[in-house]
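Asker: Would you mind keeping the following structure in view while I ask a few things?
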Amino acid sequence: MSALGRLKSWEGLLLALLVIIVAVNIEHSPYYLGVGNIVNLFQLSIEKIIVALIMTLVIINGEIDLSVASVMGLAACVLAWLFEMGTPMPLAIVGGLLAGLAAGLFNGFWVAYVGLPSLAVTLAGLIGYRGIARILVEDHPIGNFPEWFNLVGQQPLIGPVTVSIVIFALLFVIIAITLHSSALGRLVYVIGNNLQAARYSGIRVRLVKMTLFGASGTIAALAGILYAARLGSVRGDMAAGFELDIITIVLLGGVSIFGGSGNLAGVGLSILVILNLRNGMGLASITGNTQTSVIGALLILSVLVPNMAQTISNKWNGRET
Amino acid sequence: MNWLQRYVRPEQVRELSLLLLIIVAVIVFGSMIDNYYTSRTFNRIASSVAIITIVAVGQTLVVLTRNIDLSVGSIVGCTAYFTGTLLAQNNDLHPLLVVLAAVALGSVLGAINGVFVAWGRVPSIIVTLGTLAIYRGLLVDLSGAKTVTTDSLPSWLVDLPRVNLFAIGEFDFRAMFMLALMIVIIFQVGTSFLALGRRLYAIGSNPDAAKLIGLPIKRLVFLTFVLSGALSGLAGFVTLARFGNITVEAGRGLELEVVAAVVVGGVNIFGGSGTIMGAMLGAIMIGILEQSLFRLQISEFWRDALLGLLILLAVASDAVILQRLRSLWARADLKFIAKPPDDGPAPERRAPP
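Sequence order for the protein chains is A and B.
Residue 190 in UniProt numbering sits at position 190 of the first sequence, with consecutive numbering throughout.
Residue 146 in UniProt numbering sits at position 146 of the second sequence, with consecutive numbering throughout.
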């Protein structure tokens, strides 16, 4: 089976899974497909799925960014800290975004210019950025943001659709265009497929990696700020552990952890699968911890199943792995 | 310089510099904190290091083969909780049986990781990120969010952390610390001198070559995950003894500290180099940092930020400085081979083509 065929069947599998989950959910609640519930579905995990979009690019590029959840926390804490110091809210938001950009570029510098493994660098970031966030706000929650800021997180903008969802939709389109029909997108695939070949053919690998890590930090910061707006208050440990869900979404979408393959359509489908699954489990009154377990199992299965399929199809064709 | 290069390997330079860093840290903290150089500080650090060290030994074995085990925190939590519940229900269980139960449970959880990594060909970071969530989820579900309390545990276990094997002056060498030290020595000897241990290095430094010379890679990788699970199980028992009160949150986030200890200790995250001893030094460094910052009071929140920086520095110094050292050593070796002996004619040597 060709790579393209396998990819298609992977997305087919996701689609089938989605249909089953939605069907079961409708069985549970007749109002499931109502507009209110669907908006709610997106709204509850909107920050994670925003970050999953840029994570897709990072992983296709052959790297990983484990620090995103901490960058989300850091941006929110920088914002809250600036706000508490008396900075006007718009400036505080810019400060939060800049902190995210700086964190991302810092990761990128060590990966692209010093040549360290991104796993180790972003693990250090995962711990370190969370630490900086804790230094800034210590252990008290910061709230009482201006009314308009809280509304950004909660108020519907177009019909029932909130600002966060609009931002998600815009980012989805921008990243889809970048990945699938721009020069940068092709470079992302080439570098992910074969770093050495990319280097020898004169591609500016460092620039591409810096761009991706910078973008990853900035978008994670944006997501963190939206999260702060939705919750209406900021704590040092906010968004802790989100990296599990984010990476699961990307890998379930058929993106290879080794880089070089995957597409945004698959990730889009996997976002829908995971959102509906979580919502469905909520309807069936399954608690948050079990939900996380199921997501964890899904993460392992999303790599195990294609591997097993490969092994079986190779055996079928009489080849040894 | 030559004699140095003959007797000291670059990895040992790395460990010596960490030792130096530890001494510097102790001096710096000593000048900032009153009454720092007392037996109390030593005892505190020693008992907090024990848990991280035991888990870090297992983690080192896994990392040597180019894998990673992020589920250790959840395994420690599971074993601490379930062993505690078991013991609370049957107070007269034999101590050895309790330890065995903890190790067995840890091994089973580690074996599950190992099967997926070795035979399922799923990258270890994905498997263990998944089981990190799954094991914790199972713990929360099966426990019904109840807590193991100290008063339900038998007295031998509650007293265990204060048991002294021997003391030098005021410095107590407690059972837990000695247990960790013993494990470090056993595994250090095992990885240095046993064929099995050397094979782990072979797999990590060049998996393709290891496969070509016929090493049973799958079985060895599986074994490292089982050992990592077993040691985490043992650490779970130590956690139970040390804290007594075990909630479902026990051991959460421990995996970060352990990976930090291993990386700071000079074990290459891409496998093939590093020692158990180094991992222990890493754990001690982190223990000193934690306990000293705790004593400084103002900066408890600085711990994570400093830990992140420490990991980054460790990895960066590995990449930049250690690479240079290695090539320096390699060049010295070449010179040693190329230079003909002074006495007598040069041995027969094929001319370069």
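We treat Cβ as the ideally placed atom computed from N, Cα and C, and that holds for glycine.
Which term fits B:D318, buried or exposed, when burial requires 16 or more other beta carbons within 10 angstroms of its beta carbon?
Answerer: In the second sequence, the residue the question calls residue 318 of chain B occupies position 318. Result: buried.
Asker: Look at the alpha carbon of B:D304 and the alpha carbon of A:A69, and state the distance between them as a whole number of angstroms.
Answerer: The count along the second sequence starts at 1 and reaches residue 304 of chain B at position 304. The count along the first sequence starts at 1 and reaches residue 69 of chain A at position 69. Roughly 15 Å between the two C-alpha positions.
Asker: Which residues mark the beginning and the end of the beta strand (DSSP E) in which B:D172 is found?
Answerer: For the purposes of this step, residue 172 of chain B is taken as the residue at position 172 of the second sequence. Per DSSP, B:D172 belongs to the beta strand (DSSP E) from F171 to R174.
Asker: Could you name the residues of the same chain whose beta carbon sits closer than 8 Å to that of A:L18, not counting the 5 residues immediately before and after it, in chain order?
Answerer: As a working note, residue 18 of chain A is residue 18 in the first sequence. Correct list, in chain order: L269, L272, V273 and N276.
Asker: Does the beta-carbon of B:E11 have 16 or more other beta-carbons within 10 angstroms, so that it is buried, or is it exposed?
Answerer: One-based indexing of the second sequence puts residue 11 of chain B at position 11. Burial call: buried.
Asker: Considering only residues of the same chain and omitting the five flanking positions on each side of B:I284, which have a CB-CB separation below 7 Å?
Answerer: The sequence position of residue 284 of chain B within the second sequence is 284, counting from 1. If we look at B:I284 and ignore the five residues flanking it on each side, its Cβ neighbours are I22 and V49.
Asker: Would you say A:V111 lies against chain B (beta-carbon separation less than 8 Å)?
Answerer: In the first sequence, residue 111 of chain A corresponds to position 111, counting from 1. Not closer than 8 Å to any Cβ of chain B, the Cβ of A:V111 fails to qualify, so no.
Asker: Please report the Cβ distance between A:C77 and A:V234, rounded to the nearest whole angstrom; I am assuming they are in contact, meaning their Cβ atoms lie under 8 Å.
Answerer: Position 77 of the first sequence, counted from the start, is the residue given in the question as residue 77 of chain A. Position 234 of the first sequence, counted from the start, is the residue given in the question as residue 234 of chain A. The pair is a contact, with the Cβ atoms about 6 Å apart (cut-off 8 Å).
Asker: Quick check: what's the CA-CA separation for B:V24 versus B:G236?
Answerer: By 1-based counting over the second sequence, the position of residue 24 of chain B is 24. By 1-based counting over the second sequence, the position of residue 236 of chain B is 236. Straight-line Cα distance between these residues: approximately 32 Å.
Asker: Could you check where the beta strand (DSSP E) with B:L165 kicks off and where it finishes?
Answerer: Taking the first residue of the second sequence as 1, we reach residue 165 of chain B at position 165. Note, B:L165: beta strand (DSSP E), N164 to I168.
Asker: What residue range is occupied by the uninterrupted beta strand (DSSP E) comprising A:P156?
Answerer: Position 156 of the first sequence, counted from the first residue, corresponds to residue 156 of chain A. Note, A:P156: beta strand (DSSP E), P156 to I158.
Asker: Are the C-beta atoms of B:L109 and some chain A residue less than 8 Å apart?
Answerer: Counting from 1 along the second sequence, the entry for residue 109 of chain B is found at position 109. No, B:L109 does not count as interfacial toward chain A.
Asker: Grab me the residues of A:L195's own chain with a C-beta within less than 8 Å of its C-beta, minus the 5 sequence neighbours each way, in chain order.
Answerer: As a working mapping, residue 195 of chain A is identified with position 195 in the first sequence. Excluding positions up to five away in sequence, the list reads G62 and V205.
Asker: Output, in chain order, the set of chain A residues within a Cβ distance shorter than 7 Å of B:I126.
Answerer: By 1-based counting over the second sequence, the position of residue 126 of chain B is 126. Here the neighbours are L251, I257, L299, I300 and V303.
Asker: Taking the DSSP output, what are the residues bridged to B:I246?
Answerer: Taking the first residue of the second sequence as position 1, residue 246 of chain B is located at position 246. BP columns for B:I246 point to B:V148.
Asker: With a floor of 4 residues, list each alpha helix (DSSP H) that falls wholly inside the region 248 to 293 of chain A, ordered by position along the chain.
Answerer: Listed in chain order, they are 264 to 283.
Asker: Does the region 102 to 111 of chain A come within contact of the region 217 to 236 of chain B, defined as at least 3 CB pairs closer than 8 Å?
Answerer: Verdict: no, contact absent.
Asker: Mind listing the chain A neighbours of B:W302? Cutoff is C-beta to C-beta under 9 Å, in chain order.
Answerer: On the second sequence, position 302 is the one that residue 302 of chain B refers to. Within chain A, the residues near B:W302 are G131, R134 and I135.
Asker: Step through the CB atoms of chain B and report whether any lies within less than 8 Å of the CB of A:S293.
Answerer: Here residue 293 of chain A refers to the residue found at position 293 of the first sequence. Interface residue, yes.
Asker: Would you verify that the beta carbon of A:L17 is, or is not, closer than 8 Å to some beta carbon of chain B?
Answerer: Taking the first residue of the first sequence as position 1, residue 17 of chain A is located at position 17. By this cut-off, A:L17 is not an interface position.
Asker: Check the C-beta distance from A:L97 over to A:I175 and give it rounded, since I have them as a contact under 8 Å.
Answerer: Counting from 1 along the first sequence, the entry for residue 97 of chain A is found at position 97. Counting from 1 along the first sequence, the entry for residue 175 of chain A is found at position 175. With a Cβ gap of about 17 Å, A:L97 and A:I175 do not count as contacting.
Asker: Take every Cβ of the region 180 to 192 of chain B, pair it with every Cβ of the region 81 to 89 of chain B, and state whether three or more of those distances are shorter than 8 Å.
Answerer: No: fewer than three Cβ pairs fall under 8 Å.
Asker: Any Cβ of chain B within less than 8 Å of the Cβ of A:V267?
Answerer: Looking up residue 267 of chain A in the first sequence gives position 267. A:V267 does not count as touching chain B.
Asker: Let's test the definition: count the other Cβ atoms within 10 Å of the Cβ of A:M85 and tell me whether it reaches 16, buried, or not, exposed.
Answerer: Within the first sequence, the letter at position 85 stands for residue 85 of chain A. With fewer than 16 other Cβ atoms within 10 Å, it is exposed.
Asker: Starting from the beta carbon of A:I142, find every residue of chain B whose beta carbon is closer than 9 Å, and list them in chain order.
Answerer: Locating residue 142 of chain A in the first sequence gives position 142, counting from the first residue. In chain order: nothing, as chain B lies at least about 14 Å away.
Asker: Among A:I60, A:L74 and A:I59, which residue has its Cα nearest to the Cα of A:A223?
Answerer: Numbered from its first residue, the first sequence carries residue 223 of chain A at position 223. Cα-wise, what sits closest to A:A223 is A:L74.
Asker: State the Cα-Cα distance for the pair A:R278 and A:E47, rounded to the nearest angstrom.
Answerer: The residue you call residue 278 of chain A lines up with position 278 of the first sequence. The residue you call residue 47 of chain A lines up with position 47 of the first sequence. A:R278 and A:E47: Cα-Cα distance of roughly 15 Å.
Asker: Would you identify the three-state DSSP class for B:T79, choosing helix, strand or coil?
Answerer: For the purposes of this step, residue 79 of chain B is taken as residue 79 along the second sequence, with counting starting at 1. Helix.
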